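*Asks:* I'd like to ask some things about the structure below.
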Amino acid sequence: ATTLDTFKAPEKGYLGVIVSGKPQFETRVDKIHTVRSVFDVRNLNALPKVVIIYGYQDDPEYMYDAAIAHHADGIIYAGTGAGSVSVRSAAGIEKAEKAGIVVVRASRTGSGVVPVDDGQPGLVADSLNPAKARILLMTALTQTKNPQVIQQYFHTY
Numbered sequence: 257a258t259t260l261d262t263f264k265a266p267e268k269g270y271l272g273v274i275v276s277g278k279p280q281f282e283t284r285v286d287k288i289h290t291v292r293s294v295f296d297v298r299n300l301n302a303l304p305k306v307v308i309i310y311g312y313q314d315d316p317e318y319m320y321d322a323a324i325a326h327h328a329d330g331i332i333y334a335g336t337g338a339g340s341v342s343v344r345s346a347a348g349i350e351k352a353e354k355a356g357i358v359v360v361r362a363s364r365t366g367s368g369v370v371p372v373d374d375g376q377p378g379l380v381a382d383s384l385n386p387a388k389a390r391i392l393l394m395t396a397l398t399q400t401k402n403p404q405v406i407q408q409y410f411h412t413y
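Using my numbering, the first residue of the sequence shown is number 257, and each one after it goes up by one.
Spelled out as structure tokens, the structure:
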């Protein structure tokens with residue numbers, strides 16, 4: 257956990273390698289990032305509060321009640337497989353969305369894309385893991401709370 261080899265890219269593969277201390281890029285990045293981003297957090301004192309709730313068998317709905325009570329701005333649901341949502345979590349997500357909280361489904365498996373599924377609640381994190389999805393949602397919420405715009409950010413970044 258203390259070397260560059262710790263950081264892997266299972267979603268898309270390696271961008272390149274380090275040779276004699278210098279990066280050698282082998283892959284072009286198609287997603288928008290860094291200086292091409294619409295996000296500018298330099299003048300912010302704080303980012304919106306976004307929590308991660310892990311999904312599992314018989315997961316409790318009260319985690320969503322806690323997020324609502326503590327005024328979370330967003331929730332990342334770290335679901336099984338392709339971000340699948342349990343019955344209890346579906347009820348919790350619906351309750352959170354009614355309270356004005358943006359909810360994004362991600363996969364806790366380590367890689368893979370969470371597809372848009374009209375049968376599942378919440379937005380989708382695309383190929384971002386829960387931790388990366390949390391960062392994107394925090395920055396997205398500095399711009400908008402519009403679910404359609406935020407979903408587009410997840411498909412773009």
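Idealized CB from N, CA, C, for every residue including glycine. As the structure is a computational prediction, the values presented were derived from the model and not from experiment.
1. Give the secondary structure of Arg-364 by DSSP, where H, G and I count as helix, E and B as strand, and everything else as coil.
2. By Cβ distance below 7 Å, which residues in the same chain neighbour Val-370 in space, the five residues on each side in sequence not counted?
3. According to the Cβ coordinates, are Gly-330 and Val-306 closer than 8 Å?
4. Can you tell me where the beta strand (DSSP E) holding Pro-279 begins and where it ends?
5. At the level of alpha carbons, what is the spacing between Arg-292 and Tyr-413?
6. Quick check on the DSSP output: the alpha helix (DSSP H) that includes Gly-330 runs from which residue to which?
7. Whether or not the region 315 to 328 and the region 351 to 358 are in contact is what I'm after, with contact meaning three or more pairs of Cβ atoms, one per stretch, closer than 8 Å; do they touch?
8. Apply the 10 Å Cβ neighbour rule to Ser-367 and answer buried if 16 or more other Cβ atoms are within range, or exposed otherwise.
9. Using a Cβ-Cβ cutoff of less than 6 Å, which residues in the same chain neighbour Gln-407 once the five nearest sequence positions on both sides are dropped?
*Replies:* With the given structure in hand:
1. The residue labelled residue 364 in the question sits at position 108 within the sequence shown. It is coil, neither helix nor strand.
2. Looking up residue 370 in the sequence shown gives position 114. Excluding positions up to five away in sequence, the list reads Ala-338, Gly-339, Arg-361, Ala-362, Ser-363, Val-380, Ala-381, Asp-382.
3. One-based indexing of the sequence shown puts residue 330 at position 74. One-based indexing of the sequence shown puts residue 306 at position 50. Contact: yes.
4. Sequence index remark: in the sequence shown, residue 279 carries index 23 (1-based). Its beta strand (DSSP E) spans residues 278 to 281.
5. The count along the sequence shown starts at 1 and reaches residue 292 at position 36. The count along the sequence shown starts at 1 and reaches residue 413 at position 157. Roughly 10 Å separates the two Cα atoms.
6. Indexing the sequence shown from 1 puts residue 330 at position 74. No alpha helix (DSSP H) holds Gly-330; the beta strand (DSSP E) holding it covers 330 to 335.
7. yes
8. Working through the sequence shown from its first residue, we reach residue 367 at position 111. Flag for Ser-367 reads exposed.
9. Along the sequence shown, one-based indexing puts residue 407 at 151. Cβ neighbours of Gln-407 beyond the five flanking positions: Leu-379.
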